[in-house]
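From first to last, the protein sequence lines are chains A and B. Take 81 as the starting number for the first sequence in our numbering and just add one per residue. Take 81 as the starting number for the second sequence in our numbering and just add one per residue.
There are 2 protein chains.
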Amino acid sequence: MSAAPVSPGDGTSASAGSKHEIVYEAIRRRILDGSYGPGHRLVLDRIAREFDVSPVPVREAVRRLEAQGYVDFQRNVGARVATFDEAQFAETTEVLAILEGAATALAAPRMRKSDLTAARRSNARLNALLGDFDPIEFSRENRAFHFVFYDRCPNRQVRALVEQQWAKLDTIRRSSFIYVPGRARSSVAEHEQIIRLVEKGATASAIESATRAHKLHTIQALAAASAARTTRKPPEVR
Amino acid sequence: MSAAPVSPGDGTSASAGSKHEIVYEAIRRRILDGSYGPGHRLVLDRIAREFDVSPVPVREAVRRLEAQGYVDFQRNVGARVATFDEAQFAETTEVLAILEGAATALAAPRMRKSDLTAARRSNARLNALLGDFDPIEFSRENRAFHFVFYDRCPNRQVRALVEQQWAKLDTIRRSSFIYVPGRARSSVAEHEQIIRLVEKGATASAIESATRAHKLHTIQALAAASAARTTRKPPEVR
DNA sequence: CGCCTCCAAATCGTATATGATTTCGAGTCT
DNA sequence: AGACTCGAAATCATATACGATTTGGAGGCG
Chain A
81 MSAAPVSPGD GTSASAGSKH EIVYEAIRRR ILDGSYGPGH RLVLDRIARE FDVSPVPVRE
141 AVRRLEAQGY VDFQRNVGAR VATFDEAQFA ETTEVLAILE GAATALAAPR MRKSDLTAAR
201 RSNARLNALL GDFDPIEFSR ENRAFHFVFY DRCPNRQVRA LVEQQWAKLD TIRRSSFIYV
261 PGRARSSVAE HEQIIRLVEK GATASAIESA TRAHKLHTIQ ALAAASAART TRKPPEVR
Chain B
81 MSAAPVSPGD GTSASAGSKH EIVYEAIRRR ILDGSYGPGH RLVLDRIARE FDVSPVPVRE
141 AVRRLEAQGY VDFQRNVGAR VATFDEAQFA ETTEVLAILE GAATALAAPR MRKSDLTAAR
201 RSNARLNALL GDFDPIEFSR ENRAFHFVFY DRCPNRQVRA LVEQQWAKLD TIRRSSFIYV
261 PGRARSSVAE HEQIIRLVEK GATASAIESA TRAHKLHTIQ ALAAASAART TRKPPEVR
């Protein structure tokens, strides 16, 4: 189970131990775990005092987060955690569908028996979670499942991008809770199908489209559910 | 012809006019146009003096570049322009193949007649350039060709990623010059094929795989050419 | 009563200053 | 000669200081 719990250092780390790095990691974690929800304002001086550092390293940290799309920054105004609307969520999911499909297909030939076993075990846990449904736990395990595959993807760039996009989605999942009734169950079934395809050495193309479809179903389910609760607006953060 | 010449502000801009922004753009441009080749060392104080600013905004600029993968940064040592080896180049091209395939397929249904005309015109220019071959000009026009499609891709995230990856590749193309003899000609032919597929309303899947294959051919050609010049090592920068 | 003007607090942007770390070479020992 | 030690120069990391800009509201005006 090496699947990164929340995505470790996102790859582009460098200067461990420096104050700017500490602050960067801390803010990033808070964004990802929801302590800093979308729209949350990041006041540099305040953060600096909290971490007992000067504002300079805080600014550097925020710049990095800005460049990665975690926060929006406005000159002379400040930074705030990026806000996602449903459209952006859907778009990012689509990106992930594309990348995951490719990543899984690329990984397939490199999957060992033990990997498939791990995947099945993971999917079994997901199945077990279907009982009293815990969205957070399910999401975590779901991630773990998919990363069994990505870990074997030989293309580092693809892997990095997948992790990045996944992290982005996590930001949102925390706040506005995405939960589509029947989705989880069919998701588990699709997982098993993907495992089988890999197992029997299906073509890359077959594996890719199955994985992509799997993800796209989530968008569709979401869109349907969203259409259902007609008038209700998504929670706006100011 | 709205295809960004070198990719304008990469999307995640924010604070125009600030010194940090000026420096950021300047350094970025230099990396992209090759003034700062891979491995080039970025000494903060020196850059600060050159732009007549303090080192603080320079650091911010560099942090952003770091987060985007343009430069590598080592604590207490400094920043240098990211170095790409051939493997990374291939991996990034593969990413681009995946994304471009998807982007083009997504764009296809939205392409208007005028867009196809523009694409053909662009491809004609590419064809004309086949004579006395100018790699830079060809590369520019090639980019323009593909962006005719991406501009119609409805998924912003995908578009942003494509631009980002393309910029990354540009960094490399400037320095170590990638030129594979017969490739350009077949490239033009493949372009025409893609146009036809879109024109006749082929399935998304058909368009996607054609586009992806088009890009992957470049990797293959490169690999072949690279295998040919056996002993010669790629230019190392220190 | 609502709109506009002006001021002060909050916060950002950048410069300057200083301590810390790395690098690299001169000098020394074996 | 080669390896090691020490130290100065270069450069990074961070703190502090201060001017600049935005924001929100008090008070005045129509």
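C-beta atoms are modelled at their ideal positions from N, C-alpha and C, and glycine is treated no differently. Bear in mind that the values here come from a model prediction, so they are computed numbers and not experimental data.
Per-residue burial, B/G181 [other beta carbons within 10 Å of its own, 16 or more giving buried]: Classification for B/G181: buried.
Check: Does the Cβ of A/V157 have 16 or more other Cβ atoms within 10 Å, making it buried, or fewer, making it exposed?
Finding: Flag for A/V157 reads exposed.
Note to self: Please report whether the beta-carbon of A/T283 lies at a distance below 7 Å from any beta-carbon of chain B.
What the structure shows: Answer no: the Cβ-Cβ gap between A/T283 and chain B never drops below 7 Å.
- Distance, Cα to Cα, B/M81 vs B/N207? Caution applies to B/M81, whose pLDDT of 36 falls short of 50 and renders its modelled position unreliable; the value that the coordinates give is listed next. Roughly 18 Å between the two C-alpha positions.
| query | A/T172 versus chain B: which residues are under 7 Å apart at the beta carbon? | reply | Those are Q237, listed as they occur along chain B.
Are the segment 147–162 of chain A and the segment 115–129 of chain A in contact at 8 Å, needing three or more beta carbon pairs?
Taking a contact to require three or more Cβ pairs closer than 8 Å, the segment 147–162 of chain A and the segment 115–129 of chain A qualify as touching.
- Query: Sorted by chain position, which residues of the same chain lie with C-beta nearer than 6 Å to B/F169's C-beta, five sequence neighbours on each side aside?
  - Reply: Once the five neighbours on either side are set aside, the close Cβ partners of B/F169 are I252.
At a Cβ threshold of 7 Å, is A/Q148 touching chain B?
With a threshold of 7 Å between beta carbons, A/Q148 makes contact with chain B.
>> Buried or exposed for A/A269, going by 16 or more other Cβ atoms inside 10 Å?
In response: Only exposed fits A/A269, as fewer than 16 other CB atoms lie within 10 angstroms of its CB.
Would A/E288 count as contacting chain B if we go by Cβ distances under 7 Å?
-> Cβ-Cβ to chain B under 7 Å: no for A/E288.
Quiz item: Is DSSP giving B/G114 helix, strand or coil here?
Solution: Residue state, collapsed to three classes: coil.
Checklist entry - How close, in whole Å, do the beta carbons of B/T163 and B/P118 come, if the pair is a contact with beta carbons under 8 Å? => result B/T163 to B/P118, Cβ: 4 Å. Contact.
Within a Cβ cutoff of 7 Å, which residues of the same chain sit near B/D195, ignoring the five residues on either side of it in sequence? Only V228, R232 meet the Cβ criterion.
How would you list, in chain order, the residues of chain B whose beta-carbon sits under 8 Å from the beta-carbon of A/A307?
What A/A307 touches in chain B: nothing, since even the nearest Cβ is about 19 Å away.
Is it the case that the segment 284–299 of chain A contacts the segment 234–254 of chain A, given that we only count it when at least three CB pairs across the two stretches are under 8 Å?
The segment 234–254 of chain A is not in contact with the segment 284–299 of chain A.
Fill in: Proximal residues, the segment 103–126 of chain A versus chain B, C-beta separation under 8 Å
Cβ proximity to chain B below 8 Å picks out nothing from the segment 103–126 of chain A.
Would you report the Cα separation of B/D221 and B/R205, rounded to the nearest angstrom? Reading off the sequence shown, one finds Glu at residue 221 of chain B, where the question assumed Asp. Our two residues, B/E221 and B/R205, have alpha carbons roughly 7 Å apart in a direct line.
**Message:** Could you tell me which whole alpha helix (DSSP H) segments of length 4 or greater appear in the segment 157–219 of chain B?
**Reply:** Counting only runs of at least 4 residues, the segment 157–219 of chain B fully encloses the following alpha helix (DSSP H) elements, listed from N- to C-terminal order: 166–187, 193–209.
Problem - 6 Å Cβ shell around B/P135 - same chain, five flanking residues per side excluded - result: Excluding sequence neighbours, B/P135 sits near L124, D125, A128.
### Query
When the Cα atoms are used, what is the spatial distance from B/P261 to B/L209?
Whole-angstrom Cα-Cα distance: 14 Å.
Kindly indicate which residue of A/D212, A/E101, A/R190 has the alpha-carbon position closest to the one of B/R155. Relative to B/R155, the option among A/D212, A/E101, A/R190 whose CA is nearest is A/E101.
By how many angstroms is the C-alpha of B/V151 removed from the C-alpha of B/Y116?
The alpha-carbon separation between B/Y116 and B/V151 amounts to approximately 11 Å.
For the segment 265–284 of chain B, which residues have a CB atom closer than 8 Å to at least one CB atom of chain A, in sequence order? Taking 8 Å as the cut-off between beta carbons, none of the residues of the segment 265–284 of chain B comes near chain A.
Using three-state DSSP, classify B/Q154 as helix, strand or coil.
DSSP places B/Q154 in strand when its eight states are reduced to three.
Within chain B, partners of A/V175 - CB distance below 8 Å:
Chain B residues near A/V175: N235, Q237, V238, L241.
Can you check which of these residues, B/S267, B/R143, B/I299, is closest to B/H226 by C-alpha distance? Checking every option, the nearest Cα to that of B/H226 belongs to B/S267.
Among A/P215, A/A177, A/D212, A/L249, nearest to A/G149 - alpha-carbon criterion: Just measuring C-alpha positions, the residue of A/P215, A/A177, A/D212, A/L249 sitting nearest A/G149 is A/L249.
task = Determine the burial state of B/I274: buried for a count of at least 16 other Cβ atoms within 10 Å of its Cβ, exposed for fewer.
result = Counting Cβ neighbours within 10 Å, B/I274 comes out buried, since at least 16 surround it.
Chain-ordered neighbours of B/I178 on chain A, where CB pairs are closer than 8 Å:
Within 8 Å Cβ-Cβ: I178, L179, A182, V238.
Quick check: what's the CA-CA separation for A/R281 versus A/V242? Before going further, note that residue 281 of chain A is Gly rather than Arg in the sequence given. Looking at the backbone, the Cα of A/G281 and that of A/V242 are separated by about 23 Å.
Own chain, CB closer than 7 Å to B/M218, minus 5 neighbours either side, in chain order
According to the sequence as given, residue 218 of chain B is Phe; it is not Met. Result list for B/F218: L206, L209, A264, in chain order.
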